[in-house]
Ligand SMILES: [Zn+2]
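Residue numbers (our numbering): 30 to 372.
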């Protein structure tokens with residue numbers, strides 16, 4: 030009834046969501062990284078009426094030549110073969126089932142489609158809600174629950190399209206060693222990781238800063254266990270955001286793991302969903318300043334289903350720029366669906 034200015038003037042975006050039932054077909058048995066994570070997220074998004082009215086961006090599996098911008102073709106071929114023969118364990122943590130490579134390639138393809146949509150203005154914000162996660166996968170091997178490095182493939186795709194400055198912010202509780210490896214020698218990607226330390230995979234010391242042209246374009250902030258929302262926002266305000274703004278990214282990617290949540294069984298941090306909302310809003314601000322608001326987030330870790338779902342919601346509403354709905358969205362039951370129809 031009332032006349033409202035366009036969403037953009039309100040600072041609102043309709044973040045495109047990249048979801049598929051194929052992501053549930055990566056079968057890890059009773060592993061903490063299982064399809065129930067996506068079920069919990071989807072249930073929360075449905076309950077809070079957060080699925081409707083979003084850009085519908087089609088996506089398909091990334092072909093091998095796109096994956097090969099990051100990954101060794103021999104690794105890709107070997108992983109396909111391993112999966113086709115029934116799979117097994119790549120290492121003590123990393124399961125491969127017959128459908129795992131299809132799921133991982135589709136996740137990478139979703140990231141590519143999200144980047145294309147952002148660059149073409151069809152959806153300036155995207156959130157890839159896929160599994161397996163990606164940030165531990167190095168150019169030459171899968172590890173740490175990850176097969177293909179989804180965020181890295183997306184960044185490489187953006188570079189291939191001619192962008193010369195891509196920022197990746199990785200707040201998963203574990204260090205994003207695979208992403209770091211992929212871009213350690215380039216000044217075209219600024220990789221910033223905040224993570225618990227010591228912790229798997231053991232990399233991510235502050236002294237790891239890149240080499241050659243990439244010197245200074247890797248920024249690691251290891252934190253001791255127990256860091257809370259205030260500690261994280263302080264690191265962002267004092268260290269990560271100044272570096273990000275100096276870099277002037279043309280596209281911003283987030284490796285959004287939620288295993289730094291206080292309730293997570295694998296991490297020992299004390300971040301809450303409100304903290305993730307704060308971090309997202311800060312990253313969005315960098316994108317608004319330098320990158321025409323273009324942000325693509327990627328689900329990485331997060332192993333307490335309820336905490337994961339709440340954190341995804343908190344991140345999504347921040348990507349949407351819809352702070353008013355946060356209180357409703359985070360309300361534990363009945364979700365505020367009656368009061369949210371304000372757009
Ligand atoms: Zn993690």
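Virtual Cβ for every residue (Gly too), placed ideally from N, Cα, C.
Per the DSSP secondary-structure output, residue 132 pairs with nothing in a beta bridge. Of the candidates 67, 58 and 101, 101 places its Cα closest to the Cα of residue 170. Out of 46, 104 and 306, the CA that lies nearest to the CA of residue 83 is found in 46. In this structure, the alpha-carbon of residue 65 lies about 7 Å from that of residue 334.
Setting aside the 5 residues that flank it on each side, residue 319 is surrounded in the same chain by 277 and 278, each with a C-beta closer than 6 Å to its C-beta; the list follows chain order.
If the five residues before and after residue 118 are omitted, its C-beta is found closer than 8 Å to the C-beta atoms of 124 and 125, all from its own chain and listed in chain order. Of all alpha-carbon atoms in 256, 331 and 228, the one lying nearest the alpha-carbon of residue 298 is that of 256. For residue 330, the CB falls within less than 7 Å of some heavy atom of ligand 1. Less than 8 Å divides the Cβ of residue 250 from the Cβ of residue 223. Beta-carbon to beta-carbon, residue 61 and residue 295 are separated by about 7 Å, close enough to satisfy the 8 Å threshold.
Rounded to whole angstroms, residue 308 and residue 200 show a C-alpha spacing of 9 Å. Residue side-chain check: residue 101 keeps its Cβ at 7 Å or more from all non-hydrogen atoms of ligand 1. For residue 41, the secondary structure class from DSSP, reduced to helix, strand or coil, is coil. For residue 249, the enclosing beta strand (DSSP E) stretches over residues 247-252. Note that the stretch 178-190 touches the stretch 201-217; at least 3 beta-carbon pairs, one per stretch, sit closer than 8 Å. Cβ contact annotation for residue 52 (same chain, cutoff 8 Å, sequence separation greater than five): 64, 67, 132, 135, 136, 158, 159 and 160, in chain order. Closer than 7 Å to some heavy atom of ligand 1: that describes the Cβ of residue 286. Here the alpha carbon of residue 59 sits roughly 43 Å from the alpha carbon of residue 242. With distances taken between CA atoms, residue 90 lies nearest to 130 out of 114, 130, 112 and 115. Remark: the shortest separation between the CB of residue 201 and any heavy atom of ligand 1 falls under 7 Å. Shown here, residue 240 sits in coil according to DSSP, grouped into three states, outside any helix or strand. Beta bridge pairing from DSSP links residue 222 with 199 and 249. The criterion of a C-beta distance shorter than 8 Å is satisfied by residue 324 and residue 154. Classified as buried, residue 42 has 16 or more neighbouring CB atoms from the shown chains inside 10 Å of its CB. Membership of residue 324 in any alpha helix (DSSP H) is not indicated; the residue belongs instead to the beta strand (DSSP E) covering 324-328. Around residue 225, the same chain offers 202, 203, 251, 252, 253, 254, 256, 289, 296, 297 and 298 as residues with beta carbons nearer than 8 Å, after the five sequence neighbours per side are excluded. Just measuring C-alpha positions, the residue of 338, 189, 173 and 344 sitting nearest residue 71 is 338. Excluding residues up to 5 positions away in sequence, 252 lie with their Cβ nearer than 7 Å to the Cβ of residue 260 in the same chain. Distance from the CA of residue 345 to the CA of residue 139, rounded to the nearest whole angstrom, comes to 17 Å. Looking at 351, 348 and 331, the one whose alpha-carbon comes closest to that of residue 162 is 331. For the pair residue 99 and residue 314, the Cα-to-Cα distance works out to about 28 Å. Burial is judged here by how many other beta carbons sit within 10 angstroms of a residue's own beta carbon; residue 284 has at least 16 and is buried. Between the alpha carbons of residue 185 and residue 317 lies a distance of about 21 Å.
Taking the Cβ atoms as the reference, residue 212 lies roughly 21 Å from residue 142, outside the contact range of under 8 Å.
Residue environment for residue 80: exposed (fewer than 16 other C-beta atoms within 10 angstroms of its C-beta).
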